[in-house]
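Asks:
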Amino acid sequence: MVLQKKICLLGAFSVGKTSLIQRYVNQLFSEKYLTTVGVKIDKKQVTVGNTALSLMVWDLAGEDDFTQIRSAHLRGLSGYIVVIDGTRQNSFTVALALHERVRTELGQVPAVFALNKSDLKDQWLISHEQIRTLAQLGYPVIETSAKLGLGVEEVFMGLARQLVPEKVN
Amino acid sequence: MFSAEELSSEASTQRSQPINTARPASESLESLDALEQLRALLLGADYEILYDLRQQLLDRERYSLHVADIISEALTLRAQQDDSLTDALSTTIESAVSHSVEINPNRLANALYPVMGPAIRKSIQEVLHQALDTFNYLLEQSLSVRSLAWRFDAWRTGRSYSEVVLLKTLVYQVEQVFLIHRETGLLLQHVVSPQAITKDPELISSMMTAIQDFIKDSFNVTSDTSLKTLQLDEVSVLFNQGPHAVVAAVVRGNPPAELNRLLGEVNEQLHRQFIYALKTFQGDGQPFKSTQPVLERCLKTQLRLKKRFPWLAILALVTLVGAAAWWTYQYYQQQGLVQQALAALRSEPGLVVVDFQNTQDGYQFEVLKDPQARDPLSVIQPLQSLASKVTALKVTTKPYLAMEPEFVLGRAKQILQPPAEVELELAANTLKVTGQSDLPWQQKLQQSWPLIAGIDALDLSEFKVEDSSAAQFDQQLRTLTAKIEALRFYFSSGSSVVSDAQAHVKQALPLILELLETARSVGKMPQVSISGATDETGTEITNGRLAKERALAMRDYLLEQGLPASVIAIVKPDTGLRNERSIRYQVDLF
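Protein chains in written order, with my numbering: chain A, 1 to 169; chain B, 1 to 590.
1) Check distances from the C-beta atoms of the stretch 196 to 226 of chain B to those of chain A and list, in chain order, the residues that come in under 7 Å.
2) Mind checking whether residue 106/A and residue 59/A have CB atoms under 8 Å apart?
3) Taking all protein chains shown into account, do 16 or more other C-beta atoms lie within 10 angstroms of the C-beta of residue 116/A, making it buried, or fewer, making it exposed?
4) Is the CB of residue 73/A under 8 Å away from at least one CB in chain B?
5) Is residue 143/A near residue 118/A, with beta carbons less than 8 Å apart?
6) Out of 21/A, 14/A, 39/A and 17/A, point me to the one whose CA is closest to residue 207/B's CA.
7) When the distance is taken between beta carbons, is residue 245/B closer than 8 Å to residue 203/B?
8) Note down, in chain order, each residue of its chain lying with its Cβ closer than 7 Å to the Cβ of residue 196/B, except the 5 sequence neighbours on either side.
9) What would DSSP say about residue 58/A, mapped onto helix, strand or coil?
10) For residue 269/B versus residue 172/B, is the C-beta distance shorter than 8 Å?
11) Across the stretch 551 to 565 of chain B and the stretch 449 to 468 of chain B, are there enough close Cβ pairs to call them in contact, namely three or more that are closer than 8 Å?
12) Could you tell me the distance, in whole angstroms, from the CA atom of residue 538/B to the CA atom of residue 550/B?
13) So what's residue 144/A in DSSP terms, helix, strand or just coil?
14) Please report the residue range of the beta strand (DSSP E) in which residue 41/A lies.
15) So residue 376/B and residue 401/B are in contact, right, with Cβ under 8 Å, and what is the actual spacing, rounded?
16) For residue 451/B, collect the residues of the same chain with a Cβ closer than 8 Å to its Cβ; drop the 5 residues on either side in sequence, then sort them by chain order.
17) Could you confirm whether any beta carbon from chain A is found closer than 8 Å to the beta carbon of residue 597/B?
18) Assuming residue 163/A and residue 77/A make a contact with CB atoms under 8 Å, what is their CB distance in whole Å?
19) Which whole-angstrom value describes the C-beta separation of residue 111/A and residue 79/A, a residue pair presumed to lie in contact below a C-beta threshold of 8 Å?
20) Let me see if you follow: with CB-CB separation under 8 Å, is residue 101/A close to chain B or not?
21) Pull the bridge partners of residue 70/A from the DSSP assignment, please.
22) Does the beta-carbon of residue 99/B have 16 or more other beta-carbons within 10 angstroms, so that it is buried, or is it exposed?
23) In the DSSP assignment, find the unbroken beta strand (DSSP E) run with residue 176/B in it and report its ends.
24) Using the Cβ count rule (16 or more neighbours within 10 Å means buried), how would you classify residue 16/A?
25) With H, G and I counted as helix, E and B as strand and the rest as coil, what does DSSP make of residue 25/B?
26) If the cut-off is 8 Å on Cβ atoms, which residues from the stretch 276 to 295 of chain B count as contacting chain A, listed in chain order?
27) Measuring alpha carbon to alpha carbon, tell me which residue in 267/B, 192/B and 277/B is nearest residue 250/B.
28) Which residues in chain A have a C-beta closer than 8 Å to the C-beta of residue 183/B? List them in chain order.
29) Pop quiz: residue 189/B and residue 309/B are said to be a contact at Cβ under 8 Å. What is the actual Cβ separation, rounded to whole angstroms?
30) Going by beta-carbon coordinates alone, are residue 431/B and residue 383/B separated by less than 8 Å?
31) Would you call the stretch 131 to 149 of chain B in contact with the stretch 311 to 322 of chain B, where contact means no fewer than 3 C-beta pairs closer than 8 Å?
32) Check the Cβ of residue 162/A against every Cβ in chain B and list those closer than 7 Å, keeping chain order.
33) Three Cβ pairs or more, each shorter than 8 Å: is that satisfied between the stretch 84 to 95 of chain A and the stretch 45 to 52 of chain A?
34) Following the continuous beta strand (DSSP E) through residue 123/A, name the residue where it begins and the one where it ends.
35) Given a cut-off of 8 Å on the beta-carbon distance, is the pair residue 210/B and residue 242/B in contact?
36) Just grab the DSSP bridge partners of residue 310/B for me.
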């Protein structure tokens, strides 16, 4: 049995969402969709226990002062990954706002926080206090580096494990 | 008016309270509690009616009887309203038919028997008709002037021929149909026409949903409207939005309005059939596998080609049938001739057909031939002229000895070459020789017959040998003897000297030598005696001595001339001659 699940990658502009998934998914559409339509969809297939999951990964254009994530794109999602750029304080704020927005619109949904750019950890501006705040939200917080390919698989698997119903798994 | 559920609920509520279901109306009011009294006061006679109605619902038998009265009308009414009855019953009926076939296949077979024949005939007719149309279409595509023009266009524009054909002939073709979960944009099912090329349908399904959302958001359209069509060049995507699912059809060409209606019908049908699965969809596409046949109804194609009489296909078929008939005729002709040739060769004495096969050069017969038999080619000569039109008849021969009596007899005659007076017959492998012959042939017969294959014995009971040569030799010897004994050689008076004897020797010597040879040839040995004679003068003693000297002198002379000494046996005096000064010869054969 293959379960299809819609998941979204959320985060501020240029936090590395696209880079994060670039090498780990089946790509059909080019990156220009992100700037034109505001979303690019890729597919990642993972297996959790005995369950095969086909994750439809909606890579939403990064949110900033000029771009807002469309609510319609969030509809029907089964889980999401919030990506934070450790070197940008603002991305932390945007991430929490996005997380709160999803919770408001869709309720409690499986999620994972990805602290990206771990290869530049010496330049991180996010404090341990903030990371602790994230962890207290009750979702997995995983350090990632799209550049070095670190932690990416764990992010997807961390979310996938939450998506598989207990009785199925 | 109460619904069945409400009444049933009430009934279950009341079931918790002890109610005497056997209680009639005539029971005295004194036994009722306060609630019962109040109920009786409020409802009166209606209570009894309601009570009876409840009992009717609770009693399965009574309820079934009531439903049985109206079930046909109810089904008819619902069938007139929509197709939901068909959808609802189809699974049950399918299961029931499967179950019936499993239990007793004959029952369904007997029921279907009257319609199976016509259905099969119609189906075959339809298939043949379609095959003819397809065949004609293919021929037109490859042979017609129009197809050549399209090929030229394809070459000129750099497109593939199939693209050009599609552009020229296609009104529209539904290449793919997606069934998409409306809320998540996830793909529930996907069907694709055989000619179409498709990419990852799951991704496309999600992306189409994203694009719809993008358009809706971008242009601030009201939320109850939705995207109906996307179009780019000759490709368009038609969307039919249902409450829980979207049917999206990718169409090449100009889709007709009916296609939108069809998508709507299909979407409605799927909502009716799969409403629960759609509402509770959690990413498992398994329940939607059975939607495939319904979605395939949307894979429509319409070509611009007009329906024409398939003359090209008919012509090609007629040609094919004609060629097949001609080939069959030729084949049977050829087979007939081969069989005739085979029969002729087999019936010919002294020929044995050991093999025959069809080769590239014609039919090849392998024949064993007795030297006495006819040439096989001359046997099949009458058929050669006919056969040359369809095939060639060729013969290879290998020698063998036939054991048939006529061939054994022929072989005997060829080997023995009997004289005219001799006749040969063969009976039970015995060669019977009749008549007479000379000795040499008889000797030849004796030497040769054991070597003739097929002859085990010789019958000479009616055969005689005539030895004419012996008589001839006797006669020859007698002639030579007479000639030799007639010879005389004369001496001078009182002399025994042989003089001037060359002429005598020339005559005598060849005769004696011929006698010697002839006698030897018949196994005899000649002996020539020489005796001398004298005249009457002189005394008897002197004459006697002179006669002997004359015979000796001739003997010596002949020996000198080369006569073998063995021939000259003795010299004896001639007693029969008087007054003759000569010698003479006497021949004896031993």
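Glycine is no exception: its CB is placed at the ideal position from the N, C-alpha and C atoms.
In this text, all values refer to a predicted model and were calculated from it rather than measured experimentally.
Replies: On the basis of the supplied data:
1) 199, 200, 202, 203, 206, 207, 210, 211, 213, 214, 216 and 217
2) no
3) buried
4) yes
5) Yes, they are a contact pair.
6) 39/A
7) no
8) Only 175 and 176 meet the Cβ criterion.
9) strand
10) no
11) For the pair of segments examined, the stretch 551 to 565 of chain B was found not to touch the stretch 449 to 468 of chain B: the number of CB pairs separated by less than 8 Å stays below three.
12) 15 Å
13) coil
14) 39 to 48
15) No, residue 376/B and residue 401/B are not in contact; Cβ-Cβ is about 16 Å, not under 8 Å.
16) So the qualifying residues of the chain are 415.
17) This structure leaves residue 597/B out entirely; chain B is present only between 1 and 590.
18) About 10 Å separates the beta carbon of residue 163/A from that of residue 77/A, a gap too long to meet the 8 Å contact definition.
19) 6 Å
20) Residue 101/A is outside the set of residues whose beta carbon lies under 8 Å from a beta carbon in chain B.
21) Note: residue 70/A sits in no beta bridge, so no partner.
22) Label assigned to residue 99/B: exposed.
23) 170 to 181
24) Looking at its Cβ environment, which holds 16 or more other Cβ atoms inside 10 Å, residue 16/A is buried.
25) The pLDDT assigned to residue 25/B is 47, lower than 50, so where the model puts this residue is not dependable; a value taken from the coordinates is nonetheless given after this. Coil, per DSSP.
26) 282, 283, 284, 285 and 286
27) 192/B
28) 75 and 76
29) In fact, because the Cβ distance is near 41 Å, the residues do not count as touching under 8 Å.
30) In this structure, residue 383/B does not lie closer than 8 Å to residue 431/B by Cβ.
31) yes
32) Within 7 Å Cβ-Cβ: nothing; residue 162/A doesn't reach chain B, min ~13 Å.
33) no
34) First-last for residue 123/A: undefined, no H or E at that position.
35) no
36) Residue pairing for residue 310/B: DSSP places it in no beta bridge.
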